[in-house]
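Residue numbers (my numbering): 7 to 123. A virtual CB, placed ideally from N, CA and C, is assigned to each residue, including glycine. Predicted, not measured: the structure shown is a model, and the values here were computed from it. Read the structure below first, then the notes.
Structure representation (structure tokens):
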């Protein structure tokens, strides 16, 4: 099982890399763009939401990226305007941008092992 320290380490590294190289949002996935429309948020607001991910938002990971054979995937959830949003991110390739593969309204209830309910 992933520890809080491992999630914190990932997020610290992810945010530093995000500040240096930026992020690629997978806008080619229809449900990601539809979520921006449904929640009436801008791309800049989406970026802010990703930048504010915390350890307590952690849901699962690291997950081996068998589809793209990239770096491990990490899943987080955030409440955005009363909707649970599923966010899947990765560090991306070395010396390149981070990646947000998923940013959409959650299709199933998410669990948060480090959130005190």
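Exercise. In three-state terms, what does DSSP make of residue 86?
Worked result: If DSSP states are grouped into helix, strand and coil, residue 86 belongs with the strands.
Problem set entry | Nearest to residue 105 (by Cα), restricted to the options 66, 45, 23 and 8 | Comparing Cα positions, the closest option is 23.
For this session: Report back the beta-carbon spacing between residue 114 and residue 38 to the nearest angstrom; my notes put them in contact at under 8 Å.
Result: In fact, because the Cβ distance is near 17 Å, the residues do not count as touching under 8 Å.
Exercise. If you compare alpha carbons, which of 15, 16 and 28 is closest to residue 50?
Worked result: The shortest Cα separation from residue 50 among 15, 16 and 28 belongs to 28.
Exercise. What's the C-alpha gap between residue 9 and residue 93?
Worked result: Looking at the two C-alpha atoms, the distance is approximately 19 Å.
Exercise. How big is the Cα-Cα spacing for residue 26 and residue 96?
Worked result: C-alpha separation (whole angstroms): 15 Å.
Exercise. With burial defined as no fewer than 16 other Cβ atoms inside 10 Å of the residue's Cβ, what is the status of residue 32: buried or exposed?
Worked result: Per the 10 Å Cβ criterion, exposed.
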